[in-house]
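Participant: This is the structure I have questions about; it appears just below.
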Amino acid sequence: MKKSKFQVNEKGYYGEFGGAWIPEMMYTNIDELKRRYLEIIEADDFKAEFNQLMKDYVGRPSPLYFAKRLSEHYGSKIFLKREDLNHTGSHKLNNTVGQILLAQKLGKTRIIAETGAGQHGVATATVCALKGLKCVVYMGALDVKRQAPNVKKMKMLGAEVVPVHSGNKTLKDATNEAMRDWISNPVDTHYIIGSVVGPHPYPDMVARFQSIISAEIKSQLLEQTGSEFPTRVLACVGGGSNAAGAFSHFLDDEQVELIGVEAAGKGVDTPETAATLTVGSPGILHAAKTILMQNEDGQITEPYSISAGLDYPGIGPLHAHLHKTGRAKYLATTDEEVLKAALLLTQLEGIIPALESAHALAALAKIKMKPDDVNVINLSGSGNKDMETYLEYFGYLELSTE
Numbered sequence: 091m092k093k094s095k096f097q098v099n100e101k102g103y104y105g106e107f108g109g110a111w112i113p114e115m116m117y118t119n120i121d122e123l124k125r126r127y128l129e130i131i132e133a134d135d136f137k138a139e140f141n142q143l144m145k146d147y148v149g150r151p152s153p154l155y156f157a158k159r160l161s162e163h164y165g166s167k168i169f170l171k172r173e174d175l176n177h178t179g180s181h182k183l184n185n186t187v188g189q190i191l192l193a194q195k196l197g198k199t200r201i202i203a204e205t206g207a208g209q210h211g212v213a214t215a216t217v218c219a220l221k222g223l224k225c226v227v228y229m230g231a232l233d234v235k236r237q238a239p240n241v242k243k244m245k246m247l248g249a250e251v252v253p254v255h256s257g258n259k260t261l262k263d264a265t266n267e268a269m270r271d272w273i274s275n276p277v278d279t280h281y282i283i284g285s286v287v288g289p290h291p292y293p294d295m296v297a298r299f300q301s302i303i304s305a306e307i308k309s310q311l312l313e314q315t316g317s318e319f320p321t322r323v324l325a326c327v328g329g330g331s332n333a334a335g336a337f338s339h340f341l342d343d344e345q346v347e348l349i350g351v352e353a354a355g356k357g358v359d360t361p362e363t364a365a366t367l368t369v370g371s372p373g374i375l376h377a378a379k380t381i382l383m384q385n386e387d388g389q390i391t392e393p394y395s396i397s398a399g400l401d402y403p404g405i406g407p408l409h410a411h412l413h414k415t416g417r418a419k420y421l422a423t424t425d426e427e428v429l430k431a432a433l434l435l436t437q438l439e440g441i442i443p444a445l446e447s448a449h450a451l452a453a454l455a456k457i458k459m460k461p462d463d464v465n466v467i468n469l470s471g472s473g474n475k476d477m478e479t480y481l482e483y484f485g486y487l488e489l490s491t492e
């Protein structure tokens, strides 16, 4: 990945955001990673194995698909980066492959992870099965219920899934429990964080593994359109890993508009939202300074989204920096807008998107696009995991036989 002016500095900050605001009990874990991660992931043998697994195991490069009927609907050229076609059905495997190889180089024998929508949990359980390492996944009890298919997959892959009943029983609470586990098991355990959140070096490390997305977009666009540069790139944002990957190689190309799309939930003017950058303020969450949802006393407020992968009360420090500097624009789309956008893509292109990805799709109705614009949407995951939710809202469709 080329050196970017938006890249993390030597102290782990993107502008004023980031760092490693860690308790003393976590120092050993983080210090080892900070000292060794770049040396390990930039070594030739690491790169060779990572690239081989990306090609032969993950199935990369993922296609860049010109969505003809969707383009006609919006009157502009729309390409879909098909991360949903990766093994395990999302972009998450790019990161877990990289981190499992790193864990092996560090001599770790036990892996822990947090998950919301279950896609990161499945991806972590998958690489643990691949490498024969013990796997424990923490998941909010509410998410365990609404993402049951992914829970079953994790268990079939040999992972122990631990339901978390604290807080609102979603991603934030799962992350809290995973961090407590890691503090208690610093010697043999590696924590595979699933997004560009948490203490340095995680935001940078995850962004590096996910940057393969934008590297492929550039080469694929050059082949299909004659130019490496789209007009804009859109991606959903919870913690922000798929967006970080899709934005990465365009950060210094100011002519490319970058749009992150948060979960407005039932509306940014209601308590039931997860649109951090719209309603949040600077603070510290999960050992990093970023923008987060909190009350006047600095207590975290509970987020809400129809999508289990986006109801996180913070955002990665890279995105907080991109937002503050104006390099990227962040919009928010409601549950209702998201469901309509998912149905539209399904019926126009025969592709059922994850609820998370459908947030980015819903943003197309909110931006001004010209006929010759080249719009790339990172379709970060498959909708297979969300069928129960879709059927709840669109169940009437099965009554129609015409």
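Quick note on numbering: the sequence shown equals residues 91 to 492 in the working numbering. By construction, the Cβ of each residue, glycine as well, lies at the ideal position given by its N, Cα and C atoms. Please read all numbers here as calculations on a predicted model, not as lab measurements.
Would you mind giving the Cβ-Cβ distance between G230 and V254, rounded to the nearest angstrom? I have them listed as a contact below 8 Å.
Facilitator: The Cβ separation is near 5 Å, so the contact holds.
Participant: I'd like to confirm the pairing. Which residues does DSSP put opposite V323 in its beta bridges?
Facilitator: DSSP, once it has assigned bridges, lists L348, V466 as partnering V323.
Participant: Alpha carbons only, please: which of G473, P461, A431 is nearest the one belonging to L454?
Facilitator: When each option's Cα is compared against that of L454, the closest is A431.
Participant: To the nearest angstrom, how far is it from the Cα of M383 to the Cα of D401?
Facilitator: So the two alpha carbons sit approximately 11 Å from each other.
Participant: Taking 7 Å as the limit between beta carbons, can you name the residues of its chain near D476, skipping five residues before and five after?
Facilitator: Cβ within range, chain order: A444, L445.
Participant: Is the stretch 324 to 337 touching the stretch 407 to 414, taking contact as three or more C-beta pairs under 8 Å?
Facilitator: The stretch 324 to 337 is in contact with the stretch 407 to 414.
Participant: Over the uninterrupted alpha helix (DSSP H) stretch that includes Y117, give me the two end residues.
Facilitator: Note, Y117: alpha helix (DSSP H), 117 to 131.
Participant: Contact between the stretch 386 to 396 and the stretch 249 to 269 is defined here as three or more beta-carbon pairs at a separation below 8 Å; is this criterion met?
Facilitator: Enough Cβ pairs lie closer than 8 Å, so yes.
Participant: At what residue ranges does the stretch 343 to 403 contain a whole run of the beta strand (DSSP E), taking only runs of 3 or more?
Facilitator: If we require 3 residues or more, the beta strand (DSSP E) runs fully inside the stretch 343 to 403 come out as 347 to 355, 371 to 375, 378 to 382.
Participant: For M459, which three-state DSSP category applies?
Facilitator: Residue state, collapsed to three classes: coil.
Participant: Starting from the C-beta of H181, find all residues in its chain whose C-beta is less than 6 Å away, skip the five residues before and the five after it, and write them out in chain order.
Facilitator: Excluding positions up to five away in sequence, the list reads E173, N332, S470.
Participant: How is the beta strand (DSSP E) around V254 delimited, first residue to last?
Facilitator: From DSSP, the beta strand (DSSP E) with V254 extends over 250 to 254.
Participant: Please state whether DSSP places R417 in a helix, a strand or coil.
Facilitator: In this structure, R417 counts as coil in the three-state DSSP scheme.
Participant: In the DSSP assignment, the alpha helix (DSSP H) including I190 goes from what residue to what residue?
Facilitator: I190 -> alpha helix (DSSP H) spans 182 to 195.
Participant: When DSSP labels each residue in this structure, what does A264 get in the three-state scheme?
Facilitator: A264: helix per DSSP, three-state reduction.
Participant: May I ask you to report which of helix, strand or coil DSSP gives V227?
Facilitator: DSSP places V227 in strand when its eight states are reduced to three.
Participant: Taking the C-alpha atoms as reference points, what is the distance between T423 and V277?
Facilitator: About 42 Å.
Participant: In the DSSP assignment, find the beta strand (DSSP E) that holds F156 and state where it starts and stops.
Facilitator: Taken as a continuous stretch (DSSP letters only), the beta strand (DSSP E) holding F156 covers 154 to 156.
Participant: Go ahead and label A452 buried or exposed: buried means 16 or more other beta carbons lie within 10 angstroms of its beta carbon, across all protein chains shown.
Facilitator: That one is buried.
Participant: Counting only the same chain and skipping the five closest in sequence on each side, list residues whose C-beta sits under 8 Å from that of T491.
Facilitator: Only weak support is given to the placement of T491: the predicted model assigns it a pLDDT of 40, under 50, and the question is left unresolved by the model.
Participant: If we ignore side chains and look at the alpha-carbon of each, how far apart do Y147 and Q389 end up?
Facilitator: The straight-line gap from Cα to Cα measures roughly 42 Å.
Participant: Considering only C-alpha positions, which residue in the set I273, K419, K245 is nearest to C326?
Facilitator: Ranking the options by Cα distance to C326, first place goes to K419.
Participant: Which residues does DSSP pair with K430 in a beta bridge?
Facilitator: Answer by DSSP bridge pairing: none, since K430 is not bridged.
Participant: I307 by DSSP, collapsed to three states: which one?
Facilitator: Reduced to three states, the DSSP call for I307 is helix.
Participant: For G473, does the three-state DSSP call read helix, strand or coil?
Facilitator: Looking at G473 - three-state DSSP - the assignment turns out to be helix.
Participant: Based on DSSP bridge pairs, tell me the residues matched to T315.
Facilitator: DSSP lists no partner for T315.
Participant: Check L341 in the structure and name its three-state DSSP category.
Facilitator: Correct three-state label for L341: coil.
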